[in-house]
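Student: Read top to bottom, the protein sequences are chains V and P.
Going by my numbering, the letters in the first sequence line up with residues 17 to 203, in that order.
Going by my numbering, the letters in the second sequence line up with residues 13 to 294, in that order.
Cβ atoms here follow ideal geometry from the backbone N, Cα and C, with glycine treated the same way.
Given the structure is predicted, the values throughout are model-derived calculations rather than measurements.
Quick one: the structure is below, and I'll ask about it shortly.
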Amino acid sequence: MKYPRLSALRKRSRNEDGVASLEMLLVLILWLVVVFIFLNMIFMLGSLMLTQASVNRSAQQLAAVGCIPDDLQQNISDRGAIGIKDVTVRAIAPRTTLGRPITVWDRSRYLNADGSLMSSPSNAVNILTCATSGPTTIPSGNFIFVQLEYKQKLPMLEIMSGEMGLPEEILIHRSALVVSQSLSGEG
Amino acid sequence: MNCLRKQWRREDGAIALMTLAFMLTVGILSITFLWSLALITGAYNALYVANQNAAVAAASAAQRPAGTGPGGVSSGSSQLEYPCNQATTAAFGGMCVASHDSPNSAVARVSPALLAARTVMRESLSDRPFGLNFAAGADRNVAMISRLALNLNPEGIDNIESRADAIELFNMTRSAGEVRRILRQPGAECLMSPILGWGYIPQQYSGDPFGGVFHCWQLEENGITFPKNYNSGVVTRAVADIELLPGCGLAVCRAQIVVSAGASQEQIAAVNNYSQYYSYRP
């Protein structure tokens, strides 16, 4: 015995279930995209916080010894577990006249437009590694500017780099300013 | 969306739309909450490290190496060099508090330590991390603070914070043992507490007809401890008002964070030191 009305109801139910499923799928995909973008932002913020703390800690260390500790870059790389690579630490000390108060710091004289440290600023001394220069090369009381340069990897950029032509990594600079504490030597 | 609109006429469509609305609502709320959490964590971290560097810089700049006095004259001891006799400072017994009211005023040039702290703080926040801004201007939302009222009014109000840029310079000219002995006397405050910060308010300031008043406070509340044998140090505190949500002017969207740091410099005299860097003559 056939029930034409029941058959039509079954078909209609199947169609509507399909539409509802597609709608749910659409919503879930949108949701996952939003979550993915957001997680990348959190990822980035966490990395920035870690590296900022690292560069400040390194700057204080550098202010005490007056040169870049040999294993500083390696230490920062080890601590920066969240997708950072090619870590470079550079530091400069502005040339000052003896007896001049330590009031002047103008970052535009030492930084490029993109925020990176000039390779050889004319009015500053490049601070070398301790193995090269030995400690306490910067007069006490002088400003020391430390910059950490590294490449930040993000999962989102790695996925989108091939399709949209975005770079796989972002070049980031984090910096800190400290006052030298070394009580001997002259830069 | 056309499909959804068509389905709206049916119950299934309505359910789908309600599901979508529910998920979006929960999603927006979750993201807003997590964003605020990440923002305030990042801001706290950025302010903390900036303030910590400012404290170390101030201590470095304030320290006068042993064997030198102002202008290179030998003084024979290592001590803080600070302008306690300036009009904008107040010295009580073994403690000195230096402050100034405006980052742009000439008064700001009084203390090398203040200048070093301000310069380092400004540089650390020059990229405006997490909306923090120490530069002068109307949009500046970070200030160095000092509890000056604590020292000026020992009878009552003891926790008023000055929003003017200020740091506190401590120079314990008496030994820790002597300070403890004094504070064990009847009537002295802080009997049960370790001595982490103290001052003597002379009679002319204390308002007490029977003499000066010892006053002390605990820096533990800010998580600061100095080495046991320190005799000089710098305390910096910074406060920041941040917007948790951009463009939201409501009070519920704003947060205030306060960080503190202490630094002390006790260094042995060295030949060829550069005390001139610290000696500033206005």
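Put P:V247 into one of helix, strand or coil per three-state DSSP.
Tutor: On the second sequence, position 235 is the one that residue 247 of chain P refers to. Strand, per DSSP.
Student: With DSSP as the reference, please indicate the residues paired to V:L127 in a beta bridge.
Tutor: By 1-based counting over the first sequence, the position of residue 127 of chain V is 111. According to DSSP, V:L127 bridges with V:L133.
Student: Is P:A58 near P:L144, with beta carbons less than 8 Å apart?
Tutor: Residue 58 of chain P sits at position 46 when you count from the first residue of the second sequence. Residue 144 of chain P sits at position 132 when you count from the first residue of the second sequence. Cβ distance < 8 Å, so P:A58 and P:L144 count as in contact.
Student: Using only alpha-carbon positions, find the residue among P:E180, P:M156 and P:I179 that is nearest to P:D253.
Tutor: Position 241 of the second sequence, counting from 1, holds the residue named residue 253 of chain P. The shortest C-alpha separation from P:D253 is found at P:M156.
Student: Using 8 Å as the threshold, is the C-beta distance between V:N142 and V:R111 below it?
Tutor: Against the first sequence, residue 142 of chain V aligns to sequence position 126. Against the first sequence, residue 111 of chain V aligns to sequence position 95. Not a contact, by the Cβ cut-off of 8 Å.
Student: Counting contacts by CB-CB distance shorter than 8 Å, is P:M35 in contact with chain V?
Tutor: Counting from 1 along the second sequence, the entry for residue 35 of chain P is found at position 23. Answer yes: the Cβ-Cβ gap between P:M35 and chain V drops below 8 Å somewhere.
Student: Using C-beta distances below 6 Å, list every residue in its chain close to P:Q268, excluding the 5 sequence neighbours before and after it, in chain order.
Tutor: One-based indexing of the second sequence puts residue 268 of chain P at position 256. For P:Q268, where only same-chain residues beyond five positions count, the Cβ hits under 6 Å are D253.
Student: For P:N63 versus P:V247, is the C-beta distance shorter than 8 Å?
Tutor: By 1-based counting over the second sequence, the position of residue 63 of chain P is 51. By 1-based counting over the second sequence, the position of residue 247 of chain P is 235. Cβ distance not < 8 Å, so P:N63 and P:V247 don't count as in contact.
Student: When the distance is taken between beta carbons, is P:F146 closer than 8 Å to P:R134?
Tutor: Here residue 134 of chain P corresponds to residue number 122 of the second sequence, with the count starting at 1. Here residue 146 of chain P corresponds to residue number 134 of the second sequence, with the count starting at 1. Yes, these two residues count as a Cβ contact at 8 Å.
Student: In angstroms with no decimal places, state the Cα-to-Cα distance between P:A125 and V:S196.
Tutor: The residue you call residue 125 of chain P lines up with position 113 of the second sequence. The residue you call residue 196 of chain V lines up with position 180 of the first sequence. Roughly 13 Å between the two C-alpha positions.
Student: Give a yes or no on whether 8 Å exceeds the smallest Cβ distance from P:T248 to chain V.
Tutor: Here residue 248 of chain P refers to the residue found at position 236 of the second sequence. P:T248 does not count as touching chain V.
Student: Closer than 8 Å by beta-carbon distance: list the chain V residues that pair up with P:G54, in chain order.
Tutor: Position 42 of the second sequence, counted from the first residue, corresponds to residue 54 of chain P. Neighbours of P:G54 on chain V, chain order: L61, L64 and M65.
Student: Pop quiz: V:V194 and V:I160 are said to be a contact at Cβ under 8 Å. What is the actual Cβ separation, rounded to whole angstroms?
Tutor: As a working mapping, residue 194 of chain V is identified with position 178 in the first sequence. As a working mapping, residue 160 of chain V is identified with position 144 in the first sequence. At roughly 5 Å, the Cβ-Cβ gap stays under 8 Å, so V:V194 and V:I160 are in contact.
Student: Does P:I179 come out as helix, strand or coil in the three-state DSSP assignment?
Tutor: Counted from its first residue, the second sequence places residue 179 of chain P at position 167. If DSSP states are grouped into helix, strand and coil, P:I179 belongs with the strands.
Student: From P:R249 to P:G54, what does the alpha carbon distance come to, in whole angstroms?
Tutor: Reading the second sequence from its first residue, position 237 is the one you call residue 249 of chain P. Reading the second sequence from its first residue, position 42 is the one you call residue 54 of chain P. Each residue's alpha carbon lies about 18 Å from the other.
Student: Comparing C-alpha positions only, which one of V:V162, V:R123 and V:R125 sits nearest to V:T67?
Tutor: Working through the first sequence from its first residue, we reach residue 67 of chain V at position 51. Ranking the options by Cα distance to V:T67, first place goes to V:V162.
Student: Under 8 Å, Cβ to Cβ, is there at least one residue of chain P near V:V43?
Tutor: Taking the first sequence and counting its residues from 1, the one referred to as residue 43 of chain V is at position 27. Interface residue, yes.
Student: Output yes if chain P places a C-beta closer than 8 Å to the C-beta of V:G99; else output no.
Tutor: Taking the first residue of the first sequence as 1, we reach residue 99 of chain V at position 83. No, because no Cβ of chain P sits closer than 8 Å to the Cβ of V:G99.
Student: For V:V141, decide whether its Cβ has a neighbour in chain P, counting only Cβ atoms nearer than 8 Å.
Tutor: Start at 1 with the first residue of the first sequence, and residue 141 of chain V comes out as number 125. No, because no Cβ of chain P sits closer than 8 Å to the Cβ of V:V141.
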